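Written below as C-alpha cells is the structure these notes are about.
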Amino acid sequence: MQADLTTNPNLTTPPPPLQVESLVKRFGQTTAVKGVSLAVRGGECLGLLGPNGAGKSTLIRSIVGRVIPDAGRVAVFGSPASSTAARMALGWVPQELAIYPRISCRENLGSFGRYYGLSGGKLAEAIAWCLQWAALEDRSADLAGNLSGGMKRRLNMAAGMLHRPKIVLFDEPTVGVDPQSRNRIFEMIESLRTAGTAIIYTTHYMEEAERLCDRIAIIDHGCIIASGTRDELIQSAFGTRTQVQARFAGAPEAISAWTARHRGRLADATAEFTIEHSSDIAALLDDASKAGLELVDVSLRRPNLESVFLHLTGRELRD
Amino acid sequence: MIFPIARTALIALRRDRGAFVLSFVLPIAFFSIFAVIFGGQHDSTPKIKVILVDEDQSEASRQLIKGLQSESSLVILTRPAAKSKTAPAPADYTAATAEAAVKAGDAPVALVVPPGFGRNPIAFGPDEDQSSIQLLNDASDTIAPQMVTGLLQKAAMTAMPAVMAEQGMNYADKYVGGFTPQQRTLMASSLASLRKVQADSTSTHSGSANGGIIAVHSRAVVGENKRNPTVSFYAAAIGVMFLLFTASGSAGALLDEAESGTLERVLSTRVTMTKLLAGKLVFNTLLAFVQLVAMFLWGWAVFKLDFFNHLPGFVVMGICTAFAVAAFGMLLASLCRTRAQLGALSTLVILIMSSVGGSMFPRFLMPEAMQKAGLLTINAWAIDGFTKVFWRDLPVKDLWPQVCVLLAIGAVLFTVARRVARRWEYA
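Protein chains in written order, with this note's numbering: chain A, 1370 to 1688; chain B, 7 to 433.
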C-alpha cells in the first residue's frame, strides 16, 4: 500500500499547513522514525494510529521542533519547524500534563500566553477563549494541581491554544481520562476542526481515530504502513470480505490445525478469519464439525481499523 | 514484620544512590575539613599578622622588635607589601597608616612603640614614667590581641635581658641604698658583655610570658563603637549558606519542569533555552536578595545591627552575592538529572563551601592553606564584602574586589549552566 501522504508541489498554490518529507530520526542504534512523509490540509484531522513505541510521539516532537531529525524536512506553511513563524503557527498538546500544578488555571494560561508573545487585551481575550473552550471558566481560579484528571487534560489542551494556532498536534490527549471527560475532549477537537484548524491526532485507540479523523495513517516501527480514510483502509486490506470469529470447545491441537487450514488466526481459543460471502460460513462450520470441534459461538462483523492493523502487522494495536 | 520493613528501607536506600553516597561521603568530608582546620594546627598554625611601628628607634625598642620577629606564630609587617616586584618598596608604616591598615583588615593587630619607650621600657609595677606601647586591634578578632600582648611580654623577658638587668640594677640602686663606684663599674662591664652576647645571639630563649612588665595600651580601632559586633558577621555568614540552599532548591524547579514535560512545552513556544535560564536566574537572584534584606532587617530589629547606615554597601554586596548564588543554583540544577540528585549534591557542595568559606567558622582562625582554599568559595567573598561594609565601615568603592569576583563567579557559573542545559534543548 502507498504510504506517502505528501502533496505534490505546485508553484501556483500556497504551501500546505504542514508537510513532512522523508523524516528520519535515530536514537543511538534505534531508528524511531524511518522516512515518514505526510501532509495535512486546513480543516483536516489526520489521525496517527499506532501502538505504544511506534514512533508517533517522536514524529510529533520533530514537527514542533523539539527533535532534530537526522534526515528529511518539516515545513509549516513553508517555514522550517524551528522557525518563529512555524512555532506561532503550531500548537502542541503533549502527552504529559505539561502545566504548572501550583498556580491557577488562569495563571497557567497567562504564563503560556506570554511565552507566545501575547500581552494586554490580546492575552486576556485568549485566556477567556481558552477557558470557555475547555469549559474551565468556573474553575479558572483553582490551582491546576487540584483539578480532576479530565480537567487537567483540558487545561493541558488549552495551554497549547492561546496563540490560536492554525495547526494543532494532539499527542494522545485522552490518556487516563474517564469516558465523560473523553467526550468533552472530542467536542473540543471537533470544534477546532469545524473552525478550519488543521489537526494531527495521535492515539492507539481505534475508536477515537474513527470518530475524529478524516484520514488515518497507521504507523508501526517508525513507518507509515497504510493511510487513507477509514473506509479506504478497510477496503484496501479486506476488500468486501467479512470477518468471522468462531469459538470452539475441543482439543487445542485440533482447533489450531483447523484454524491454520483455513488461513485464520487463533487468539484465546477464538479463530478469526475472513470470508468473501456470508454463505461461505456454512461450509466452514461443517468442516469444523467434521474435524471434531464443537462450536460454542460464532459472529460476523465488518473489519475495523483494529482488523486492518492486525492484518498489516500481525499484532494487536494495543500490544 | 519489623525485619521486612527494615529490609525495604535498605533496598530503597541502595536504589537512591545520591542519598546512599551522601550518607557516607558527607560525614567523612566534614570530618576531614574540620580535622584540617582544628587538628592539623601543629604543622600549620595560623600565624597572626602584626604591624609594627617603631617611633622610638632606641636599642630597647629594636631588641623588642627583634624578639617579636623571632616568634614563629607572628608575621611582623613593618611596611605595606609592594604592589609589584618591580615597584619601589613602600614607606614604613606610621602610627596613622598602621591604624588605617588595621581598619582595612590588612592585619588584626598593630603595635606602635612610642618615642621615649627606650628610656624606661619595663616596669615591675606601676610607673608613671613608663611609655605605653599602643596596641591597635580589630575587635572582630578576639584572639589575636591577647596573643600578641602575651608574646610582647615574653619578648621583653627573653629578648631584652640586658635591659631587664639594667632596670633591675636601677631598682636596686634606688631602693637598696645605692651602689659603690666600683660596683657600678663592674655592673656596666657585665651589661656590656650581656649586650654583646645578646647581639651575637640569633635565637631566643624560651620562657613563660609573665605579663605586665611592658605597659601596653590596647585600643580597638575597628568595631569599638559596635553595639553587637558579631551580628553582621553571622548575618552574612549564615545568610550566604542558606541562600545557597534556597537557590539550589529554587533552581530545582527546572528539574520538575523537565520531568513533567513543561520545560519541553515552554521551549516549543517563542522562549529559547537562554531566555528561559536567564528568566530563572533573574527570579532566583531577586529571591536571594529579598532573603538577604529580610535577614539583615531582622538583625537590625532584634540585634541592633546598624543596617540603614550601610544601605549602599549592603545593596551592592547583596545584589552581587544574590547573583552569584543564583547562578550557582542554576549550575547545580542543570548538572543533576533528578531532584534527589540535586538534594544530595547541593547538600554536599554547600556544606563544604560553607565550612571552608567561613560560614561556620571564621576564616582568620583557620590555617593559611585553608584560608586560601576558602577564596574558591562564594561564601568567603560574600562574607569579606559584608564585613567591609558593616564591620570596617569602608566605602562602596572599596568593595570592588568582592564585587568583581562575585560577578565573575556568577557569569562563569551561568555560562557553564547554559552549556550543560543543552541536553534539554533538543533530542
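Cβ atoms here follow ideal geometry from the backbone N, Cα and C, with glycine treated the same way.
If you're wondering where the values come from, they're calculated on a predicted model, not measured in any experiment.
Here the region 1636–1645 of chain A makes no contact with the region 8–27 of chain B; the two share fewer than three CB pairs at distances below 8 Å. Contact of phenylalanine 1446 of chain A with chain B by beta-carbon distance below 9 Å is absent, the smallest such distance being about 16 Å. With respect to leucine 1392 of chain A, leucine 1417 of chain A sits apart: the two C-beta atoms are not nearer than 8 Å.
For phenylalanine 367 of chain B, no alpha helix (DSSP H) segment is defined, and its DSSP state is neither H nor E. Tyrosine 1469 of chain A has a beta carbon lying within less than 8 Å of a beta carbon in chain B. Here methionine 279 of chain B has Leu273, Arg424, Ala427, Arg428, Trp430, Glu431 as same chain residues with Cβ atoms under 8 Å from its own Cβ, once five neighbours each way along the sequence are excluded. DSSP lists A:Ala1444 as the beta-bridge partner residues of proline 1449 of chain A. The way I'd put it, the region 1615–1630 of chain A doesn't touch the region 1451–1459 of chain A; fewer than three beta-carbon pairs between them come closer than 8 Å. Counted as a single uninterrupted DSSP element, the alpha helix (DSSP H) harbouring tryptophan 430 of chain B occupies residues 428–431. Per DSSP, leucine 1581 of chain A is one residue of the alpha helix (DSSP H) stretching across 1575–1581. Residue burial annotation: glycine 416 of chain B is buried, with at least 16 other C-beta atoms found within 10 angstroms of its C-beta. Tryptophan 1498 of chain A: not part of any beta strand (DSSP E); member of the alpha helix (DSSP H) spanning 1489–1502, first to last residue.
Its chain contains Lys55, Val56, Ile57, Leu83, Ala107 as the residues whose beta carbon lies nearer than 7 Å to that of alanine 113 of chain B, once the 5 sequence neighbours on both sides are disregarded; these appear in chain order. Counting along the chain, valine 1433 of chain A sits inside no beta strand (DSSP E), nor does DSSP assign it H or E at all. Here isoleucine 220 of chain B is near glutamine 159 of chain B, since their CB atoms are less than 8 Å apart. Around the CB of histidine 223 of chain B, fewer than 16 other CB atoms lie within 10 Å, so the residue is classed as exposed. Counting other Cβ atoms within 10 Å of its Cβ, leucine 250 of chain B reaches 16 or more and is therefore classed as buried. The residues Glu61, Asp62, Ser137, Ser138, Ile139, Gln140, in chain order, have a CB closer than 8 Å to that of proline 120 of chain B in the same chain once the five nearest residues on each side in sequence are set aside.
Judged by pairs of C-beta atoms under 8 Å, the region 1562–1572 of chain A touches the region 1399–1419 of chain A, as three or more such pairs exist. Residue range 384–396 is occupied by the alpha helix (DSSP H) that includes threonine 393 of chain B.
Take arginine 1610 of chain A, set aside five residues on each side of it, and the residues of its chain with a beta-carbon closer than 7 Å to its own are Thr1643, Ile1644, Glu1645, in chain order.
Per DSSP, the unbroken alpha helix (DSSP H) holding phenylalanine 1481 of chain A starts and ends at 1474–1484. Leucine 1428 of chain A carries a helical assignment under DSSP once its states are collapsed to helix, strand and coil. The continuous beta strand (DSSP E) containing threonine 1571 of chain A extends over residues 1567–1572.
Closest in C-alpha terms to alanine 307 of chain B, from the list B:Arg398, B:Ala241, B:Leu74, comes B:Ala241.
Taken residue by residue, none of the region 102–123 of chain B has a beta-carbon sitting less than 9 Å from a beta-carbon on chain A. Going by DSSP, phenylalanine 295 of chain B is part of the alpha helix (DSSP H) stretching over 279–309. By the Cβ rule, the region 380–390 of chain B counts as touching the region 357–372 of chain B, because three or more pairs are nearer than 8 Å. Contact of serine 256 of chain B with chain A is not assigned, every C-beta pair being separated by 8 Å or more. Inter-residue distance for glutamine 1604 of chain A and leucine 1415 of chain A is about 18 Å (C-alpha atoms, whole angstroms).
Of all alpha-carbon atoms in B:Pro127, B:Phe248, B:Leu298, B:Gly156, the one lying nearest the alpha-carbon of alanine 171 of chain B is that of B:Pro127.
For phenylalanine 9 of chain B, the enclosing alpha helix (DSSP H) begins and ends at 8–21. Look at lysine 91 of chain B here: in three-state DSSP terms it is coil, with no helix or strand label. Bridge pairing for glycine 1416 of chain A: A:Tyr1570, A:Ile1585 [DSSP].
Of B:Thr103, B:Ala102, B:Ala88, the smallest CA-CA separation from proline 96 of chain B is found for B:Ala88.
In the three-state scheme derived from DSSP, where H, G and I count as helix and E and B as strand, leucine 250 of chain B is classed as helix.
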